[in-house]
Amino acid sequence: MLCQTKIAALLFLAVLSPSFGDPVGDRQQEECKKMSSCASCITKSFCTWCVTKSKCTKQSCGNDNIIFPKEYSAIMAGPQFCPRVVEPEEMLTLKSGAKEIIEVKITQIHLYMAFTPWKCKIDYNGEQMTVVAMLLGDKVFCESVLLTNDSLEPSRSGSVSVLWDYSKSFDGSIPFKVCRCDLDPLCNACNKLTDAIP
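All letters in the sequence shown, in the order written, are residues -21 to -1, 1 to 177 by mature numbering (1 follows the signal peptide of the UniProt record, and there is no 0).
Okay, structure coming up:
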């Protein structure tokens, strides 16, 4: 009889406990999973960003490096700790039809990231391309690419983002424009005194 009473009590507690199929917790976990960037992840008070895994979870990063929402009293709390691209003061311009190396400055680089493969993802003219990159200090140098502006517009816009460990993204991207020098001779890219890349 005593055994049956204990079992009944345990079942009763299991029904009351929020850890047993908590619908609110499940919704929050799903909401965290939808966040693809560190900065967007930690806008939610119940989410944390796992740096090594490069994903947003409901406080389940384990022994990963963790970035918390800014209201937390933790060493790494707030978007300033997110690995991210640093937007340049001036618009990056590229000369149409010329092969160029794109340079991207980044911040909040963890040491182990340096020993992983780096890539640049370039979005231009409705298409995406991924090229090999190299990390030197706080800058990523994308393998030289040739982008062409075949439109009748003086310039066309694109963006470049940074990937580490094959497919893990740094927050943000750098916008650029590809200039046609015959239509926009004052474009900065058309006036660079640099050697052509073979």
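Glycine is no exception: its CB is placed at the ideal position from the N, C-alpha and C atoms.
Go ahead and label residue 115 buried or exposed: buried means 16 or more other beta carbons lie within 10 angstroms of its beta carbon, across all protein chains shown. exposed
Is the region 46 to 58 touching the region 68 to 80 in the sense that three or more CB pairs, one from each, lie closer than 8 Å? no
Beta strand (DSSP E) containing residue 136: first to last residue? 134 to 143
Assign residue 14 to one of three DSSP states: helix, strand, or coil. coil
Along the chain, where does the beta strand (DSSP E) that runs through residue 34 open and close? 34 to 36
Distance between beta carbons of residue 35 and residue 179, contact taken as under 8 Å: Residue 179 is absent from the structure shown; the chain starts at -21 and stops at 177.
Neighbour-count burial assignment, residue 106, 16 or more Cβ in a 10 Å radius: exposed
In this structure, what does DSSP give as the bridge partners for residue 103? 106 and 137
Going by CA-CA distance only, name the one from 147, 121, 92 and 171 that's closest to residue 138. 121
What does residue 178 pair with, by DSSP beta-bridge criteria? The chain is shown from -21 up to 177; residue 178 falls before or after that span and cannot be answered.
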